[in-house]
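Peer 1: Quick one: the structure is below, and I'll ask about it shortly.
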Amino acid sequence: MRRAVGALLFSWPLALAGQMPPPAQVVRAESLETAGRPWHAAEAFITGAGAGAGAASAPLLIANARAELSARRYARVVALLQGRSWLADSGGGVGYAILAEAEDRLGKPAAAARDYLRARAGASGSRAALLAVRAAVAFDRAGTLDSARRYYAVARDAGLPSIDEWLRLRQAGVTADTLAVDSLLSGLSFPASRRAPLYRARALLAAGDSARAVDALSGAPGGTLDAARVALARGDTAWARALLYRLFVNAPLSDDAAAGVALAQGPLPPLAPSERIALAQVLRTHGDTPAALVQVRRSLLSGDSSATTLLVWADLLSASRREREALKADERAVAVATDSATKALGTYRRARVLLRMSDSSAPQALFDFARAYPADTAAVTALYLAGDRLAERGDSSGAEAMFRELCTSHALDPSAAQARMRLGSWEYRRGALDRASEWFQGEVATGPGPHGAARYWLGKVAAARGDSTGAKAQWAALARDDSIGYYGLRARAMAGLPPLSVGQRSDSIIPSVTAGLARLDTLLLAGLDSEADAQARALLAGPPDSAEPLLAWSAGLAARGWGSLSVRLAWLAAPRAPGDPRVLRAIFPWPNRRAVEAEAEEFHVDPLLLAALIRQESVFDREALSHAGARGLAQLLPSTAAYTARGLDLPFAPEWLTVPDLNLHLGAAHLGALLRRYNGRVDAAVASYDAGSAPVDRWLARAPAADPDLFLEDVAFVETRGYVRSVLRNREIYRALYGSGP
3 MRRAVGALLF SWPLALAGQM PPPAQVVRAE SLETAGRPWH AAEAFITGAG AGAGAASAPL
63 LIANARAELS ARRYARVVAL LQGRSWLADS GGGVGYAILA EAEDRLGKPA AAARDYLRAR
123 AGASGSRAAL LAVRAAVAFD RAGTLDSARR YYAVARDAGL PSIDEWLRLR QAGVTADTLA
183 VDSLLSGLSF PASRRAPLYR ARALLAAGDS ARAVDALSGA PGGTLDAARV ALARGDTAWA
243 RALLYRLFVN APLSDDAAAG VALAQGPLPP LAPSERIALA QVLRTHGDTP AALVQVRRSL
303 LSGDSSATTL LVWADLLSAS RREREALKAD ERAVAVATDS ATKALGTYRR ARVLLRMSDS
363 SAPQALFDFA RAYPADTAAV TALYLAGDRL AERGDSSGAE AMFRELCTSH ALDPSAAQAR
423 MRLGSWEYRR GALDRASEWF QGEVATGPGP HGAARYWLGK VAAARGDSTG AKAQWAALAR
483 DDSIGYYGLR ARAMAGLPPL SVGQRSDSII PSVTAGLARL DTLLLAGLDS EADAQARALL
543 AGPPDSAEPL LAWSAGLAAR GWGSLSVRLA WLAAPRAPGD PRVLRAIFPW PNRRAVEAEA
603 EEFHVDPLLL AALIRQESVF DREALSHAGA RGLAQLLPST AAYTARGLDL PFAPEWLTVP
663 DLNLHLGAAH LGALLRRYNG RVDAAVASYD AGSAPVDRWL ARAPAADPDL FLEDVAFVET
723 RGYVRSVLRN REIYRALYGS GP
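Now the structure itself:
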């Protein structure tokens, strides 16, 4: 997980190089980088800015290459710097450091190691030590273990005490002397100690003891794939196969499983049907559905007609938009299933395929499943989906029947709460206020909790009856009881109360946290990204006991791109510091504020809305990746990003999606286009951002434009309804925390 480019390594001290003040173009680019806009910094250099080959153009070329590095356009960095005779004279070796980083990211570790050493020759102090680590890591990746070992030792001797345990691990992994390895690995603390078995196994392998290495690797966290590779290299194909397919079964979502596909498609192809199914699940999980289909088809042709295999086959066919074939596969699975759980799953999957096909029999199939298997966990969802589809078709009586059945048979389930709200809102729309009130009162009576939606709608019922005093009293009470919930904030506005206000309190400086954050920075500067991630996530295994360090860690991690982790720590602080405004700020951080505001301004979007959307999409984690393949701060699918980029006449490659400001740029452009499509209507634009425009158009056609509450209750997708509420709530909280916005 790549967090950031280290400014210490890649900034060029012009004074040391004896240069004149940098050109205005360089100043502009550096200002953009400082504001968290590296892609814009790269774009700030006009075509041909680095065309000159002499030393006079060096400042411009260095700044241009650094910007391109931050924008992750590595090939451009190499084109700008490779072969430049003056690189050796660039201050602190920064030119070679930039070039080496790009080469490393392009998968050229040998070239990267060479240029990191050239950079180190011009550096001193901590910069030289960090460059030695980077060179060692590159040598390690290139398989030049003697050089890797040497430069890990050089870096340790130069003095990087805060990360010495991680360097000892790395050095142990390229050391063949097992006694030296034991010395290096002794006394490690968590989380470095967790990786010790893996590095001990690597040392055994380097010493030629592959049998013990396989045993050590197979028992080490994250070592199964390496163990399979070593076993294969030793000629123990049976053990290698067992390890590989055990990995596929136990951890299909892991990066190691994805990397292991190459072995399964090469020297360790699946032989048994169970191996084919395990490989298919990994292929499907990591986005290669066609290859997964091939494996399951071969399993079927080999005589494997079990219900489990047929269900996997049906699922893959459905994912490939081959619904009719999927339907037949589900039906066959139900026919051959020998246990009720598998029959239930096949029956439910068949109904879902019919739903996806927009088949008129889908609601009845879902209802029949719920009746046949009332204890199945999917029964509630089936009833809700049946009612939802009937409502989409305009069959209000059929939809109400399904929702009533749901409320009767599963009264306490969250889906029943959704059903009660929709039934009540439909009665409200018809003007049947008494029946609407009964549904809302029924929801409030289900048990303890804020019941914000029902209480809010009871206020609307009172207002519709002309009881403005009762309505405002209802809303005021809800605003007090659920002060930062969507309906609590909406009730505050409807009651005419002042906007939410959050007090200010300065953050405390905690020396231990400052030192811990400095350790993370050093790991990132040294190119030890996975170690930095492990060090940061170790906080969840042993978090501080009090609120002050939790909040300090939360703020520091948010600023460094660990958004989800920072918010999780903030939630741990909440019960320890009730009422502390810093907790709310930590739960709703805004680490990229200048960049978000700049992108919002460019596309005429409320920056508070854009911040609210990013908080919901990625929690400001620039490396966020969804199961659907959406990436980055604004969680854009590559297809959506490419389409938006074409509309803006911008070059685009999917690997650039995690460049923070490019992702924000495309996300703000997409949101701006949706706001224009819906004439500035925020709820519809946000719903479309999540669900697409086609369903939103249908929902708008049913709900009166004058009442956004009715529109929101008519949003058919439960996830989208919750998403819209969350984004709108976030916006109001960001307004209270960070200002009024435009």
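Residue numbering for the sequence shown follows our numbering, starting at 3 and increasing by one per position. Note that the Cβ used here is the ideal one computed from N, Cα and C, for glycine as well.
1) Do residue 421 and residue 458 count as a contact pair if the criterion is CB distance below 9 Å?
2) Can you tell me where the alpha helix (DSSP H) with residue 1 in it begins and where it stops?
3) Assess contact between the stretch 145 to 164 and the stretch 496 to 505, defined as three or more Cβ pairs (one per stretch) separated by less than 8 Å. Is contact present?
4) Taking 8 Å as the limit between beta carbons, can you name the residues of its chain near residue 740, skipping five residues before and five after?
5) Restricting to runs no shorter than 3 residues, where is the beta strand (DSSP E) found entirely within the stretch 512 to 592?
6) If I measure Cβ to Cβ from residue 58 and keep anything under 7 Å in the same chain, skipping five residues before and after, which residues do I get?
7) In the DSSP assignment, find the unbroken alpha helix (DSSP H) run with residue 336 in it and report its ends.
8) Which same chain residues end up closer than 7 Å to residue 534 when comparing Cβ atoms and leaving out the 5 residues on each side of it in sequence?
9) Are there three or more Cβ pairs, one per stretch, closer than 8 Å when the stretch 657 to 668 is compared with the stretch 628 to 637?
10) Does the Cβ-Cβ distance between residue 572 and residue 556 come in under 9 Å?
11) Just reading off the alpha helix (DSSP H) that residue 449 is part of, what are its end residues?
12) How is residue 633 classed by DSSP in three states: helix, strand or coil?
13) Would you kindly work out how many angstroms separate the C-alpha atoms of residue 735 and residue 484, rounded to a whole number?
14) On the three-state DSSP scale, how would you describe residue 676?
15) Hey, out of 456, 450, 65 and 582, whose CA is closest to residue 441's CA?
16) Here's a check: name, in chain order, each residue in its chain whose Cβ is nearer than 6 Å to the Cβ of residue 601, leaving out the five neighbours to either side.
17) Label residue 191 either buried or exposed according to how many other C-beta atoms from any shown protein chain fall within 10 Å of its C-beta, with 16 as the threshold for buried.
18) Can you tell which of 200, 629 and 45 has the C-alpha that lies nearest to the C-alpha of residue 288?
19) I'd like to check one pair, residue 142 with residue 172: are the Cβ atoms closer than 9 Å?
20) I'd like the list of long-range same chain contacts for residue 384, defined as Cβ closer than 8 Å, with 5 residues on each side in sequence excluded.
21) How would you write the range of the alpha helix (DSSP H) that residue 423 sits in, first residue to last?
22) Mind checking residue 72: buried by the 16 CB within 10 Å criterion, or exposed?
23) If distances are taken between C-alpha atoms only, which option among 108, 475 and 103 comes closest to residue 120?
24) Give every residue of the same chain whose Cβ lies closer than 7 Å to the Cβ of residue 503, excluding the five residues on either side of it in the sequence, and list them in chain order.
25) For residue 730, name the three-state secondary structure that DSSP assigns.
26) From the DSSP output, which residues share a beta bridge with residue 627?
27) In the DSSP assignment, what residue or residues form a beta bridge with residue 638?
28) Answer with buried or exposed for residue 506, where buried requires no fewer than 16 other C-beta atoms within 10 angstroms of its C-beta.
29) Short check: CB of residue 297 to CB of residue 272, under 9 Å?
30) Please report the Cβ distance between residue 715 and residue 423, rounded to the nearest whole angstrom; I am assuming they are in contact, meaning their Cβ atoms lie under 8 Å.
31) Given residue 69, which residues of its chain have a CB within under 6 Å of its CB, disregarding the five upstream and five downstream residues?
32) Given a threshold of 16 other Cβ atoms within 10 Å of its Cβ, counted over all protein chains shown, does residue 109 qualify as buried or as exposed?
33) Thinking C-beta only, is residue 149 closer than 9 Å to residue 115?
34) Measure how close the beta-carbons of residue 563 and residue 624 come, nearest whole angstrom, since I'm counting them as under 8 Å.
35) My understanding is that residue 685 touches residue 720, with C-beta atoms under 8 Å, so please give their C-beta distance in whole angstroms.
Peer 2: The structure says:
1) no
2) With the chain represented from 3 up to 744, any question about residue 1 goes unanswered, as that position is not in the structure.
3) Contact between the stretch 145 to 164 and the stretch 496 to 505 is absent, because fewer than three Cβ pairs lie under 8 Å.
4) 592, 595, 610 and 613
5) none
6) Low local confidence applies: a pLDDT of 49 at residue 58 is under 50, so the model's placement there is unreliable, with the coordinate-based value given in what follows. Excluding residues within five positions, none has a Cβ falling inside 7 Å.
7) Note, residue 336: alpha helix (DSSP H), 325 to 338.
8) 5, 522, 525 and 526
9) yes
10) Contact: yes.
11) Element bounds for residue 449: n/a, residue is neither H nor E.
12) strand
13) 13 Å
14) helix
15) Nearest C-alpha to residue 441 among 456, 450, 65 and 582: 456.
16) 666, 667 and 670
17) exposed
18) 629
19) yes
20) Excluding sequence neighbours, residue 384 sits near 350, 353, 368, 369, 371 and 372.
21) 416 to 432
22) buried
23) 103
24) 738
25) helix
26) 633
27) 633
28) exposed
29) Yes. Within cutoff.
30) 6 Å
31) 31, 43 and 44
32) The residue in question, residue 109, is exposed, as its Cβ has fewer than 16 Cβ neighbours within 10 Å.
33) yes
34) With a beta-carbon spacing of about 5 Å, residue 563 and residue 624 fall inside the 8 Å limit used to define contacts.
35) Not a contact, Cβ separation roughly 16 Å.
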